[in-house]
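Encoded as structure tokens, the structure appears first; notes follow it.
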Amino acid sequence: SQQGEEDPQALSIQEGENATMNCSYKTSINNLQWYRQNSGRGLVHLILIRSNEREKHSGRLRVTLDTSKKSSSLLITASRAADTASYFCATGATDSWGKLQFGAGTQVVVTP
Amino acid sequence: SAVISQKPSRDICQRGTSLTIQCQVDSQVTMMFWYRQQPGQSLTLIATANQGSEATYESGFVIDKFPISRPNLTFSTLTVSNMSPEDSSIYLCSVAYQETQYFGPGTRLLVL
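Residue numbers (our numbering), protein chains in the order written: chain A, 30 to 141; chain B, 48 to 159.
Given below as structure tokens:
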């Protein structure tokens, strides 16, 4: 079964706007990773946040992690049409190193 | 980072036949993983493949249906046996490398 849930399931925004998506999970984790997938292709790793971190930045991406609420958020600032993709969170549990549990994903469409 | 390639990138197969998917990594890694992504869905872990030992399968996946080989530290194969239309999915291999998990480009399989 899927570890986490993501919301929203779909997000439609215009270029230049920010996109925020959330991920919730159920078990204790070592880390949480965010991925992007374009049109059913392979997954591109975006960012990893460890369980003892609260916030991380990478370029236009900002990820937060709240382990007390078992939730994470991904913010994409100043979105571009090229950001159109599906975004997945994936958690690595403390008792199963290397195995990832994926959220359902958020489909983001950025219109010019 | 780890660079992963998969062959074939896509295939169309007849029901009852089998397909073997190859995964090659540019670095030596202990653990490799195989995931399935059914149409419009998120990713589900099929099995973990360690070099020198039998693969470990997740609930709902069995060796007879998805035999896996792991002959060395840079290569693995996944066979989808006795295929049915329900096996139509994207199959992805991944590796855990320095805490981050990287994915191959995927093999898109359509079973008629």
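Even for Gly, the Cβ is constructed at its ideal location relative to N, Cα and C. All of these numbers come straight from a predicted model, not from anything done at the bench.
Interface partners of residue i on chain B, CB under 9 Å
i: residue 51 (chain A); result: Near residue 51 (chain A) there are no residues of chain B at all, since even the closest Cβ is about 15 Å away, more than 9 Å.
Range covered by the beta strand (DSSP E) that runs through residue i
i: residue 159 (chain B); result: First-last for residue 159 (chain B): undefined, no H or E at that position.
i: residue 117 (chain A); result: 114-122
i: residue 64 (chain A); result: 58-66
i: residue 137 (chain A); result: 135-140
i: residue 118 (chain B); result: 115-119
i: residue 47 (chain A); result: It is not in any beta strand (DSSP E) - residue 47 (chain A) carries neither H nor E in the DSSP assignment.
i: residue 123 (chain B); result: 122-127
i: residue 53 (chain B); result: 51-54
i: residue 148 (chain B); result: 147-150
i: residue 94 (chain B); result: 90-97
i: residue 85 (chain A); result: 84-87
With 16 other Cβ atoms within 10 Å as the buried cut-off, status of residue i
i: residue 161 (chain B); result: The structure shown does not extend to residue 161 (chain B), since chain B spans only 48 to 159, so no value can be given for it.
i: residue 102 (chain B); result: buried
i: residue 98 (chain A); result: exposed
i: residue 126 (chain A); result: exposed
i: residue 135 (chain A); result: buried
i: residue 35 (chain A); result: buried
i: residue 64 (chain B); result: exposed
i: residue 43 (chain A); result: exposed
i: residue 48 (chain B); result: exposed
i: residue 112 (chain A); result: buried
i: residue 39 (chain A); result: exposed
i: residue 65 (chain A); result: buried
i: residue 142 (chain A); result: In the structure displayed, chain A extends from 30 to 141; residue 142 (chain A) sits before or after that span and is not available.
i: residue 92 (chain A); result: buried
i: residue 56 (chain A); result: exposed
i: residue 61 (chain A); result: buried
Interface residues of chain B facing residue i [CB-CB closer than 7 Å]
i: residue 88 (chain A); result: Result: empty, since nearest Cβ-Cβ is about 16 Å, beyond 7 Å.
i: residue 94 (chain A); result: Simply none; closest approach about 15 Å.
i: residue 77 (chain A); result: 146, 147
Chain-ordered chain A contacts of residue i [CB-CB under 7 Å]
i: residue 153 (chain B); result: 70, 71
i: residue 89 (chain B); result: 31, 117, 131, 132, 133, 134
Within chain A, partners of residue i - CB distance below 8 Å
i: residue 95 (chain B); result: 127, 128
i: residue 149 (chain B); result: 74
i: residue 102 (chain B); result: The premise fails here: residue 102 (chain B) is roughly 13 Å from chain A at the closest Cβ pair, so nothing lies under 8 Å.
i: residue 137 (chain B); result: 69
Other residues of its chain near residue i: CB distance less than 8 Å, five sequence neighbours each side excluded
i: residue 128 (chain A); result: 121, 122
i: residue 98 (chain B); result: 77, 117, 118, 119, 120
i: residue 128 (chain B); result: 65, 111, 112, 113, 114
i: residue 132 (chain B); result: 62, 158, 159
i: residue 145 (chain B); result: none
Chain-ordered chain A contacts of residue i [CB-CB under 9 Å]
i: residue 80 (chain B); result: 127, 128, 129
i: residue 66 (chain B); result: Going along chain A, no residue has its Cβ under 9 Å from residue 66 (chain B), so there is no contact; the nearest lies around 18 Å.
i: residue 92 (chain B); result: 128, 129, 130, 131
Residues of its chain near residue i, where Cβ-Cβ distance is below 6 Å and the 5 sequence neighbours each way are ignored
i: residue 50 (chain B); result: 73
i: residue 131 (chain A); result: 117, 119
i: residue 90 (chain B); result: 82, 84
i: residue 106 (chain A); result: 47, 89
i: residue 148 (chain B); result: 141
i: residue 52 (chain A); result: 33, 35, 101, 118, 132
i: residue 41 (chain A); result: 138
Neighbour list for residue i in chain B, Cβ cutoff strictly below 8 Å
i: residue 60 (chain A); result: 146
Contacting residues, own chain, Cβ-Cβ under 7 Å from residue i (five flanking each side not counted)
i: residue 31 (chain A); result: Caution is warranted here: a pLDDT of 41 is assigned to residue 31 (chain A), below 50, making its placement in the model unreliable, and the coordinate value is therefore given only provisionally. Excluding sequence neighbours, residue 31 (chain A) sits near 130, 131, 132, 133.
i: residue 53 (chain B); result: 68, 69, 70, 140, 151, 152, 153, 154
i: residue 92 (chain B); result: 80, 82, 105
Any non-hydrogen atom of the ligand GTP closer than 8 Å to residue i Cβ
i: residue 73 (chain A); result: Annotation note on the ligand GTP: not contained in the displayed structure, which lists no ligands.
Residues of the region 116-133 of chain B whose Cβ lies closer than 8 Å to any Cβ of chain A, in chain order: none
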